[in-house]
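Below you'll find the structure, written out as structure tokens, and then a few comments.
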Ligand SMILES: Cc1ncc(COP(=O)(O)O)c(C=O)c1O
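Residue numbers (UniProt numbering): 1 to 389.
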């Protein structure tokens with residue numbers, strides 16, 4: 001893992017232990033966790049924070065006012081456990097997905113948890129585990145293999161083609177799926193960190209070939225015009241799960257709300273492994289308020305898409321290599337020493353992300369002024385940091 005992809009102060013042995021407190025190495029930890037680092041982008045206070053792909057716009061005033069009012073009126077029920085099955089929230093999510101994708105989705109097809117990371121973990125608990133294997137097309141979202149490790153699911157990686165802008169290599173994918181017969185296949189589209197999409201025809205081929213289930217991670221769906229994999233749900237009811245989140249376009253990363261869309265049987269499956277009452281009343285209430293104002297919030301997505309295209313063309317003009325992005329971040333390079341370039345940006349008050357792909361860095365699209373600052377820093381650095389393209 002790249003040095004910048006590890007949370008400072010969370011390395012095993014780094015934590016100061018007062019007196020004669022035991023070290024992590026003294027504990028009877030599971031063998032495969034020994035020597036591992038806690039995952040996470042550094043949470044540094046920097047003027048221009050372009051490292052974790054959130055929506056940079058603060059939630060609208062009307063949302064905060066309504067949220068405060070709803071929380072104020074939770075008093076008759078906050079002493080009780082929340083609705084374990086988040087029924088009303090799932091109905092609201094189903095209505096939103098139906099509107100956003102054009103695919104009619106019912107509440108029984110939607111499941112919600114604390115961020116899509118929890119959704120993915122629950123799917124791995126139900127469909128992965130010891131003796132089972134998952135496959136992903138890398139570079140991609142680095143939590144997929146980490147969630148696999150946590151559930152003792154073997155993770156197999158098939159490389160995307162760097163010479164083809166990191167497009168998923170469908171022929172290689174099909175060959176490897178035939179050979180390894182994974183129980184779970186992950187396809188992230190738009191892909192993090194590269195930003196490119198996997199078209200529906202390629203997805204269809206992968207799902208057709210899958211022996212087990214296919215999880216299409218659509219965390220950035222709202223930033224692209226490509227149709228959602230939800231379009232394929234009716235065709236593959238026993239194989240396809242589409243995972244989504246309110247952390248990105250929705251301006252709700254702090255609220256922690258992810259969900260999946262699939263056949264109702266998949267909802268039954270995760271109910272076998274979820275913790276009871278996993279989604280607090282506060283989360284359910286806040287997410288419903290955010291969903292009620294989706295039209296308002298998603299206006300910022302149009303602005304961010306415009307800013308993304310502006311930053312992309314500026315980087316190209318400066319001589320950087322970029323991947324055409326359909327998300328709210330940009331993968332750019334190529335660098336001899338990406339960690340050193342990451343530090344150069346940080347020294348100029350721009351926090352971006354080194355996801356550990358040699359030669360490349362990722363920058364989130366921020367507010368226009370933050371993007372200006374980023375472009376200025378990229379302009380200052382280009383002569384010293386660019387390798388032969
Ligand atoms: C592709 C992808 N999937 C899932 C997530 C997890 O998002 P959350 O747990 O906030 O819903 C992220 C976050 O960066 C992501 O990039």
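We put the beta carbon where it would ideally sit given N, CA and C, even for glycine. Keep in mind that this is a model prediction, so the values were computed, not measured.
| Query | Result |
| --- | --- |
| Burial state of residue 284, where buried means 16 or more other Cβ atoms lie within 10 Å | buried |
| Near ligand 1: residue 319 beta-carbon under 7 Å from a heavy atom | no |
| Start-to-end residues for the alpha helix (DSSP H) that takes in residue 379 | 368 to 385 |
| Closest residue to residue 229 among 197, 257, 250 and 252 (Cα-Cα distance) | 197 |
| Where the alpha helix (DSSP H) containing residue 103 begins and where it ends | Unbroken run through residue 103: none, as it is neither H nor E. |
| Within 6 Å of ligand 1: residues by beta-carbon to any heavy atom | 53, 115, 116, 117, 141, 188, 192, 217, 219, 245, 247, 253 and 258 |
| Reduced DSSP secondary structure (H/G/I, E/B, other) of residue 218 | coil |
| Residue 393, enclosing beta strand (DSSP E) - first and last residue | The structure shown has nothing for residue 393, since the chain only spans 1 to 389. |
| Inter-residue spacing [alpha-carbon to alpha-carbon] between residue 275 and residue 234 | 29 Å |
| Residue 331 versus residue 200: straight-line alpha-carbon distance, rounded | 23 Å |
| Per DSSP, the bridge partner or partners of residue 136 | 157 |
| Own chain partners of residue 143 with C-beta closer than 8 Å, once the 5 adjacent residues on each side are dropped | 39, 117 and 120 |
| DSSP state of residue 58 mapped onto helix, strand, coil | coil |
| Burial state of residue 299 (16 or more Cβ within 10 Å) | exposed |
| Meets three-Cβ-pair contact criterion under 8 Å: the stretch 255 to 274 and the stretch 97 to 113 | yes |
| Sub-8 Å separation of residue 279 and residue 114 beta-carbons | yes |
| Buried versus exposed, by CB contacts within 10 Å (16 or more), residue 79 | exposed |
| Close Cβ partners of residue 48 (< 7 Å) along its chain, the five nearest in sequence each way excluded | 349, 350, 351, 366, 370, 373 and 374 |
| Residue 363 (DSSP reduced to helix, strand or coil) | strand |
| CA nearest to the CA of residue 391, picked from 202, 128, 333 and 195 | With the chain covering only 1 through 389, there is no way to say anything about residue 391. |
| Helix, strand or coil at residue 287 [DSSP, three-state] | helix |
| As assigned by DSSP and simplified to three states, the class of residue 273 | coil |
| Residue 303 - containing alpha helix (DSSP H), residue span | 294 to 317 |
| Anticipated Cβ contact below 8 Å, residue 252 with residue 295, distance rounded | Going by Cβ atoms, the distance from residue 252 to residue 295 rounds to 15 Å, so no, they are not a contact pair. |
| 6 Å CB neighbourhood of residue 327 in its chain, flanking five on each side removed | 190, 195, 220 and 223 |
| Under 8 Å between C-beta atoms of residue 91 and residue 105 | no |
| Residues bridged to residue 390 [DSSP beta-bridge criterion] | Look at the range of the chain in this structure, 1 to 389, and you will see that residue 390 is not part of it. |
| Paired residues, beta bridge with residue 111 - DSSP | 260 |
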